[in-house]
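Letter by letter, the sequence shown follows residues 4 to 329 in the numbering used here.
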Amino acid sequence: MTLAAGEVNIYSYRQPELIQPLLDAFTKETGITTNVLFLDKGLVERIRAEGANSPADVILTVDIQRLTEAKDGGVVQPVVDNATINKDIPAAFRDPAGDWFGLTTRGRVVYASKDRVSQDAITYEELADPKWKGKICIRDGQHSYNIALFASMIAHHGAEYTEKWMTGLKNNLARKPDGNDRSQAKSIMAGECDLALGNTYYVGLMMTNDKEPEQKDWAEAIKVLFPNAGDRGTHVNISGMALAKNAPNKDNALKLMEFLASGEAQKIYAEQVFEYPVMPGAEPSDIVKSFGSIKPDTLPLIDIAKNRKQASELVDKVGFNEGPAM
Ligand SMILES: [Fe+2]
Numbered sequence: 004m005t006l007a008a009g010e011v012n013i014y015s016y017r018q019p020e021l022i023q024p025l026l027d028a029f030t031k032e033t034g035i036t037t038n039v040l041f042l043d044k045g046l047v048e049r050i051r052a053e054g055a056n057s058p059a060d061v062i063l064t065v066d067i068q069r070l071t072e073a074k075d076g077g078v079v080q081p082v083v084d085n086a087t088i089n090k091d092i093p094a095a096f097r098d099p100a101g102d103w104f105g106l107t108t109r110g111r112v113v114y115a116s117k118d119r120v121s122q123d124a125i126t127y128e129e130l131a132d133p134k135w136k137g138k139i140c141i142r143d144g145q146h147s148y149n150i151a152l153f154a155s156m157i158a159h160h161g162a163e164y165t166e167k168w169m170t171g172l173k174n175n176l177a178r179k180p181d182g183n184d185r186s187q188a189k190s191i192m193a194g195e196c197d198l199a200l201g202n203t204y205y206v207g208l209m210m211t212n213d214k215e216p217e218q219k220d221w222a223e224a225i226k227v228l229f230p231n232a233g234d235r236g237t238h239v240n241i242s243g244m245a246l247a248k249n250a251p252n253k254d255n256a257l258k259l260m261e262f263l264a265s266g267e268a269q270k271i272y273a274e275q276v277f278e279y280p281v282m283p284g285a286e287p288s289d290i291v292k293s294f295g296s297i298k299p300d301t302l303p304l305i306d307i308a309k310n311r312k313q314a315s316e317l318v319d320k321v322g323f324n325e326g327p328a329m
């Protein structure tokens, strides 16, 4: 039997191989063994079903949506005023009540055709300009990555503006929303569109993809434009962590969270997944740096979480997923 005091149990939406190097470093430093349960869905439901006996100590996930779901689903407990955790995580990237903490960010950027798009700067607002008619590709408007971006537009401009903007964007689409972020880069390579919205880390994943080397060609066809670099900055989402509600190894869980929050760990983590550390000034990997530098929109993630429902309703209202009007 292993000693409960020497363990910490992690429920993760992140692939185990992405977090293992960090967990190994944690074990080396503290002697605490880490157990990872990887889930690709149903994490909140699982912890709820396990109830008071849930072995979950720390939750690791991506996207403000999933962190909010964990909070709203009642499977987390707050970590309040932990100076070690808060030191390297700016307030905009953590829950004010301490129910979740961001560790890395990913930008939602514009992938632009190297051959057909000469401009090197762009704004989200401009994507609704008729000059891009028939030129833009995007995945499902209801996907959490797009919903978070649309929610940020509501936070900055209000719902009325966002509805008009979303209609303009829809009318600029080359086709109905379809595929994932990477397949939009493929569509640009194929000449189907000139611009697409996609997350930054997929560019790193495509550039280094030895399993499916054709993805390197998709990445080669595009350049990354960081929207709104000249004003409020580029919309970012986070990967993050939370303390599970009934954490049986709470002290070890807090040690792990303190470890992961440190600027140094953020850097290792971010390099591993082609993301950005949330700590201001901490550098990402050389591959990520090769895209150019990001100025993240500092809108608190909590404001994005708040506007998600309205954003989703607007997607339906404007018929975004039906694609451009004929
Ligand atoms: Fe993703």
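Note that the Cβ used here is the ideal one computed from N, Cα and C, for glycine as well.
Nonlocal neighbours in the same chain, by C-beta distance under 8 Å from residue i, ignoring five residues either side
{"i": "Ile-191", "result": "Tyr-114, Ala-115, Ser-116, Cys-140, Asp-197, Leu-198, Ala-199, Trp-221, Ala-224 and Ile-225"}
{"i": "Pro-19", "result": "Val-39 and Phe-41"}
{"i": "Gly-54", "result": "Asn-249"}
Residue i versus residue j: straight-line alpha-carbon distance, rounded
{"i": "Pro-327", "j": "Tyr-204", "result": "28 Å"}
{"i": "Gly-322", "j": "Gln-313", "result": "14 Å"}
{"i": "Arg-17", "j": "Lys-214", "result": "19 Å"}
{"i": "Val-318", "j": "Asp-181", "result": "14 Å"}
{"i": "Leu-246", "j": "Leu-46", "result": "13 Å"}
{"i": "Lys-292", "j": "Glu-278", "result": "10 Å"}
{"i": "Gly-171", "j": "Pro-81", "result": "41 Å"}
{"i": "Asp-43", "j": "His-160", "result": "34 Å"}
{"i": "Val-61", "j": "Gly-101", "result": "13 Å"}
{"i": "Met-209", "j": "Lys-189", "result": "10 Å"}
{"i": "His-146", "j": "Ile-290", "result": "26 Å"}
{"i": "Pro-164", "j": "Asp-306", "result": "What sits at residue 164 in the sequence shown is Tyr, not Pro. Roughly 17 Å separates the two Cα atoms."}
{"i": "Phe-29", "j": "Glu-316", "result": "43 Å"}
{"i": "Val-120", "j": "Asp-143", "result": "24 Å"}
{"i": "Glu-109", "j": "Val-239", "result": "Before going further, note that residue 109 is Arg rather than Glu in the sequence given. Their Cα atoms are separated by approximately 5 Å."}
Beta-bridge pairing of residue i - partner residues as DSSP gives them
{"i": "Ile-241", "result": "Thr-108"}
{"i": "Ala-73", "result": "Ala-73 is not bridged to any residue."}
{"i": "Ser-116", "result": "Ile-225"}
{"i": "Asn-12", "result": "Asn-38"}
{"i": "Thr-64", "result": "Gly-243"}
{"i": "Pro-280", "result": "Thr-107"}
{"i": "Arg-97", "result": "Phe-104"}
{"i": "Val-79", "result": "Ala-247"}
{"i": "Ala-199", "result": "Tyr-114 and Cys-140"}
{"i": "Pro-299", "result": "Thr-237"}
Sequence-distant residues of the same chain with beta carbon closer than 6 Å to residue i, five excluded per side
{"i": "Lys-270", "result": "Pro-280 and Ala-285"}
{"i": "Gly-236", "result": "Lys-298, Pro-299 and Asp-300"}
{"i": "Glu-261", "result": "Thr-87 and Ile-88"}
{"i": "Val-83", "result": "Gly-101"}
{"i": "Glu-217", "result": "none"}
Same chain, Cβ closer than 7 Å to residue i, neighbours up to 5 away in sequence not counted
{"i": "Ala-232", "result": "Ala-124 and Lys-298"}
{"i": "Arg-51", "result": "Gly-76 and Val-78"}
{"i": "Val-11", "result": "Ile-35, Thr-37, Asp-60, Val-61, Asn-252, Asn-255, Ala-256 and Leu-259"}
{"i": "Val-112", "result": "Gly-201, Thr-203, Val-227, Leu-228, Phe-229, Pro-230 and Thr-237"}
Residue i Cβ short of 6 Å to ligand 3 heavy atom set
{"i": "Ile-35", "result": "Ligands in the displayed structure: ligand 1; ligand 3 is not one of them."}
>> To test your reading of the DSSP string, which unbroken alpha helix (DSSP H) runs of 4 or more residues are found completely within the region 136 to 195?
In response: 147 to 160, 162 to 174 and 184 to 192
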